[in-house]
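Worksheet: one structure, shown below.
This is the structure in structure tokens:
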């Protein structure tokens, strides 16, 4: 079993839809949880991060972490064509400087 | 703020040659830099972690003699792919982590696409 599992999609939605992206993980030591957005042939850019369990909202984006289920989610409201990209979840352990473990990424396409 | 650059953005080389990729943190000091490799439709796979002034720590399965990493200053790390072969063709991405604080935020460079003929 991989440490981080993420459905690669692709996921296609119409403009304005609510998008739900998810990852599961197996290592209970993970404490930091992030979502990155990566456009084709570009480096990832950080969208959201959450420490431990809970929710975090930033504009149209909401990140949720459920440590008891080892499950994290990213919700995108009022999706736009510009949201079309690959979304990678990533997580790391408590210790500062530890490496990020990435999911495979989910490719999202938002049609106008 | 928190900009990381990579150079070159793409490179094509012949099999057997060496290629150097630079990663720079432009507006912060990076105590730790990471090098990742990403194959098409795959996730980022960590190759090595480097701390300024010390030897890099390589992930299992990554040949340290083939992928030479130097982190000579707090703003620059280099990855040299020695004796490159076609199977080394990939997208190489670096990230940099600012010093201090418990949070593991990393800022990623735009990546370098390496094609070995």
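Chains as they are written, first to last, in this note's numbering: chain A, 42 to 153; chain B, 40 to 156.
Ideal placement from N, C-alpha and C gives every residue a C-beta, glycine not left out.
Excluding residues up to 5 positions away in sequence, 74, 97, 104 and 106 lie with their Cβ nearer than 6 Å to the Cβ of residue 91(A) in the same chain. A contact between stretches requires three or more CB pairs, one per stretch, nearer than 8 Å, and the segment 62-72 of chain A meets this requirement with the segment 111-128 of chain A. Beta-bridge partners assigned by DSSP to residue 46(A): 65(A).
Taken through DSSP and simplified to helix, strand or coil, residue 98(B) comes out as coil.
For residue 45(B), the enclosing beta strand (DSSP E) has its first and last residue at 43-46.
Judged by DSSP secondary structure, residue 86(A) falls within the beta strand (DSSP E) whose first and last residues are 86-92. In the DSSP assignment, residue 99(A) falls within the unbroken beta strand (DSSP E) covering 95-99. If you draw a 10 Å sphere on the C-beta of residue 70(A), you find fewer than 16 other C-beta atoms in it, and that means exposed. A Cβ-Cβ distance of about 6 Å is found for the pair residue 79(A) and residue 126(A), placing them in contact under the 8 Å criterion. Taking each of 124(B), 115(B) and 152(B) in turn and checking the Cα distance to residue 43(B), the smallest one comes out for 115(B).
Here residue 123(A) carries a helix assignment [DSSP, helix/strand/coil]. Inter-residue distance for residue 89(B) and residue 145(A) is about 23 Å (C-alpha atoms, whole angstroms). Note that the C-beta distance between residue 51(B) and residue 83(B) is not below 8 Å. Residues of chain B whose Cβ lies closer than 7 Å to the Cβ of residue 143(A) are, in chain order, 82 and 83. Between the C-alpha atoms of residue 117(A) and residue 102(A) there is a straight-line separation of about 5 Å. A distance below 8 Å separates the beta carbons of residue 137(B) and residue 68(B). Within chain A, the C-beta atoms nearer than 7 Å to that of residue 145(B) come from 141, in chain order. Distance between residue 99(A) and residue 58(A), taken at the CA atoms: about 17 Å. For the pair residue 77(A) and residue 62(B), the Cα-to-Cα distance works out to about 19 Å. Residue 86(B) is bridged by DSSP to nothing; it lacks a bridge partner.
Residue 55(A) holds the alpha-carbon nearest to the alpha-carbon of residue 152(A) among 143(A), 141(A) and 55(A). Close to chain B, meaning a Cβ-Cβ distance shorter than 7 Å, are the following residues of the segment 107-132 of chain A: 129. DSSP, read as helix, strand or coil, puts residue 125(B) in helix.
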